[in-house]
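Below is one structure, written out as structure tokens; the observations come after it.
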Amino acid sequence: MNKQLVITVIGPDRPGIVESLAKAVKEVGGSWQASSMSELAGQFAGILQIILPQEGVTPLRTALAALPSLQITLVEGEEHAQPQQQLMMTVTGNDRPGIVEELAATLHRLSVNVIDLTTGCEPAPHSGAPLFFAHTLVALPETLDQETLIEALESLSDDLMIDIDQDEEA
45 MNKQLVITVI GPDRPGIVES LAKAVKEVGG SWQASSMSEL AGQFAGILQI ILPQEGVTPL
105 RTALAALPSL QITLVEGEEH AQPQQQLMMT VTGNDRPGIV EELAATLHRL SVNVIDLTTG
165 CEPAPHSGAP LFFAHTLVAL PETLDQETLI EALESLSDDL MIDIDQDEEA
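The opening position of the sequence shown corresponds to residue 45 in this note's numbering, with each subsequent residue numbered one higher.
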């Protein structure tokens, strides 16, 4: 029987971390399903999903524990149905303290589940002022239409823009 694991990894960034993780997964007969990895403030931060035979779990834990300077956590995953209404959107606006909390609170109030979220700041094209962006894949409850979601998010600030990627809707 196969097991699905979600693995989180954090530690000082250096070349070869991803290769070490991939080698450990391969050596126990695992299959790398999905991942998201970044260098943030000099730290490597990653999360990955793998499937492996039950007998590979203990050897994988041992191999990962031997990797130097990394904090690694393994959690058993579970099967779940894909949400019916998914939406890929980009939120853009002038950066300010609390913008992520405001977005998250609005999504929570509308019972929208965040499936994937990437945020950052970059200089605005003409002024150079910090411009916040969030690229997110969300699952909408059946009772919520995308117009209502957009109106709720745009009401947070006059400068907030919401773009929907029509090609990514599920």
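In this text, a Cβ means the ideal position worked out from N, Cα and C, and glycines have one as well.
query, result
"Helix, strand or coil at Glu120 [DSSP, three-state]", "strand"
"Cutoff 8 angstroms: Gly121 Cβ touching any chain C Cβ", "Of the chains in the structure shown, none is chain C; there is only one protein chain."
"Spatial distance of Leu154 from Glu145 (CA atoms)", "14 angstroms"
"Per DSSP, cross-strand counterpart(s) of Asp207", "Thr134"
"Sequence-distant residues of its chain with Cβ nearer than 6 angstroms to Asp209 (five each side left out)", "Met132"
"Rounded Cβ spacing between Ser79 and Gly137 (contact assumed at less than 8 angstroms)", "That belief does not hold up - the Cβ atoms of Ser79 and Gly137 are roughly 29 angstroms apart, past 8 angstroms."
"Which listed residue (Gly86, Val158 and Glu120) has its alpha carbon closest to that of Leu92", "Glu120"
"Local conformation of Leu184 per DSSP, three classes", "strand"
"Continuous beta strand (DSSP E) stretch holding Leu84: start and end", "Ser75 to Leu84"
"Ile95 vs Gln48 beta-carbon contact at 8 angstroms", "yes"
"Residue of Glu123, Gly86, Asp57 and Asp160 minimising C-alpha distance to Ala183", "Asp160"
"Beta strand (DSSP E) runs wholly inside the segment 135–170, at least 3 long, in chain order", "157–167"
"Identified DSSP bridge partners for Gly90", "Val53 and Met81"
"Helix, strand or coil at Ala125 according to DSSP, with G and I counted as helix", "coil"
"Neighbourhood of Phe89 by C-beta, 6 angstroms cutoff - its chain only, sequence neighbours within 5 removed", "In the sequence as displayed, the identity of residue 89 is Ala instead of Phe. Within the same chain, Ala89 has close Cβ partners Ile54 and Ser82."
"Nonlocal neighbours in the same chain, by C-beta distance under 6 angstroms from Thr52, ignoring five residues either side", "Ile91 and Thr117"
"Residues near Val69 by beta carbon distance below 6 angstroms, same chain, minus five either side", "Trp76 and Ile94"
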